[in-house]
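Q: If you count by this note's numbering, then the sequence shown holds residues 5 to 337, one letter each, in order. Sharing a structure here in structure tokens format.
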Amino acid sequence: MPPAAAVVGRSVTRAFRHLSTQDLHTRRVEEAYRVVVECVAAVDPAMRLYMFGSTAVYGVHEKGSDVDFVALSKTDVEDGKGEDAATQVAKGLQAEFLGKLARVVRQRHFSWNVEEVRRTRVPVVRVKDGSSVDFDITVNRRNGVRNSALLRAYFEQDPPCRWLSMGVKRWSKRAGLNASVVGGSITSYGFNLMVVYYLLRRGALRFIPPAAIDVAQVPPVPPYLPLEPPRNDGAELGEQVLDFLQFYLHEFDAAHHVISLSRPGITTKEQLNWTKNAEDRARMNGEKINYQWCIEDPYELNLNVGRNVTPLKRDFLRRHLEKARETALLTAT
Ligand code: ATP
Ligand code: MG
Ligand code: MG
């Protein structure tokens with residue numbers, strides 16, 4: 005028999021007990037922000053720097069999480085609901101700016117590891133300073149700021165839901181499902197879209213149209229959103245965790261439906277033309293696009309955030325979802 009919700013909740017709560025003694029305030033990453041601002045200004049003083057990713061989504065900074073930055077021009081910000089260019093030309097210009105930025109970072113911080121990654125969908129500079137925080141820097145792309153602000157707006161509707169998200173993310177990394185670990189296929193961002201979609205289907209959150217999110221209204225450094233310990237020793241959290249697993253194991257119709265925040269209600273694969281036929285033809289940077297586990301990006305046109313989930317990885321996901329009940333998201337020891 006699977007463990008009771010209270011047991012699951014207590015176990016997940018216990019796995020995060022180290023956070024109660026940690027400083028989760030976003031000011032911990034403001035130093036990194038200042039360093040990057042100075043380097044960006046040396047390349048182009050008119051550019052503005054935005055922080056996004058988990059720090060923005062949760063309004064707290066967890067030790068060990070990387071920090072995502074994007075340098076935006078004044079026009080990018082003012083046209084804060086505009087679409088990001090996806091052309092090769094745009095990509096080339098971004099890579100050129102990032103090349104200059106990487107040079108400045110190397111000059112000023114010669115002990116840091118600075119890597120320019122060009123083969124990805126979005127050019128990025130990856131910086132590891134060896135001690136405190138690692139960060140990724142991109143340029144002229146609003147979508148990361150927008151999708152993080154959208155996820156945050158959802159979590160602000162019910163701040164304790166961040167525990168479900170953090171529990172799922174921790175589990176996904178430990179289970180080897182998260183794209184940040186070898187063999188993983190869904191990013192933390194993808195898992196967050198899954199969490200919010202589940203909460204929307206349950207009526208626990210109100211739908212927010214993605215078009216409502218405007219970069220011009222988003223603060224460059226995300227404000228701190230205090231994280232209270234789970235209520236009742238995690239009793240509600242435990243129920244939510246079990247219900248989340250139940251939803252993706254037995255209710256969500258992965259063969260026909262898409263996890264989507266783009267519109268209220270159900271989105272089908274048919275509707276997006278994410279069919280077997282399209283799967284056979286679609287390629288991105290030479291790699292196959294899968295439509296086995298579909299997660300629609302709320303801002304990128306025709307982008308499946310779950311594109312790396314092959315049939316094998318989908319079975320792997322299902323097996324881990326099944327096991328997660330017994331192990332309370334791999335927190336039971
Ligand atoms: P972590 O704490 O693990 O770093 P995170 O909340 O910062 O988690 P990431 O997965 O690092 O989440 O995502 C950061 C940003 O990268 C997202 O806001 C999104 O813009 C982009 N991103 C991540 N994964 C994808 C994907 N599969 N497709 C498109 N964009 C993605
Ligand atoms: Mg991140
Ligand atoms: Mg990152």
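In this text, a Cβ means the ideal position worked out from N, Cα and C, and glycines have one as well.
Give the straight-line distance between the Cα atoms of Pro-224 and Leu-53, rounded to the nearest whole angstrom.
A: Computed Cα separation, rounded: 6 Å.
Q: Can you list, in chain order, the stretches of the beta strand (DSSP E) that have 3 or more residues and sit fully within the region 25 to 110?
A: You should have 52 to 56, 71 to 76.
Q: Span of the beta strand (DSSP E) holding Thr-124?
A: Segment: none, Thr-124 is in no beta strand (DSSP E) and carries neither H nor E.
Q: In its own chain, which residues sit with a C-beta less than 7 Å from the C-beta of Trp-278, not counting the 5 before and 5 after it?
A: The answer, listed in chain order, is Val-262, Tyr-295, Cys-298, Asn-308.
Q: Are Ala-332 and Pro-7 closer than 9 Å when you measure CB to CB?
A: Yes.
Q: Nearer than 8 Å: is that true of the beta carbon of Ser-77 relative to any heavy atom of ligand 2?
A: No, since every heavy atom of ligand 2 falls outside the 8 Å radius drawn around the Cβ of Ser-77.
Q: Any heavy atom of ligand 2 closer than 8 Å to the Cβ of Ser-58?
A: Ser-58 Cβ: within cutoff of ligand 2.
Q: Return yes when the C-beta of Val-309 is under 8 Å from any heavy atom of ligand 2, and no when it is not.
A: Incorrect: Val-309 has no Cβ contact closer than 8 Å to ligand 2.
Q: Since Ala-9 and Leu-246 are thought to touch, with beta carbons under 8 Å apart, how far apart are those beta carbons, to the nearest angstrom?
A: Between Leu-246 and Ala-9 the Cβ distance is about 6 Å, and since that is below 8 Å, they are a contact.
Q: Tell me whether Ile-212 is buried or exposed, calling it buried when 16 or more other Cβ atoms sit within 10 Å of its Cβ.
A: Flag for Ile-212 reads buried.
Q: My guess is that Lys-317 and Ser-189 are in contact by the Cβ rule of under 8 Å, so how many angstroms apart are they, rounded?
A: Sure, about 4 Å apart at Cβ, within 8 Å.
Q: Below 7 Å CB to CB, which residues in the same chain sit around Ala-36 once its five sequence neighbours on both sides are set aside?
A: Closer than 7 Å at Cβ, skipping near neighbours: Val-71, Val-137, Phe-139.
Q: Please state the DSSP three-state secondary structure of Phe-20.
A: Note: Phe-20 maps to coil in three-state DSSP.
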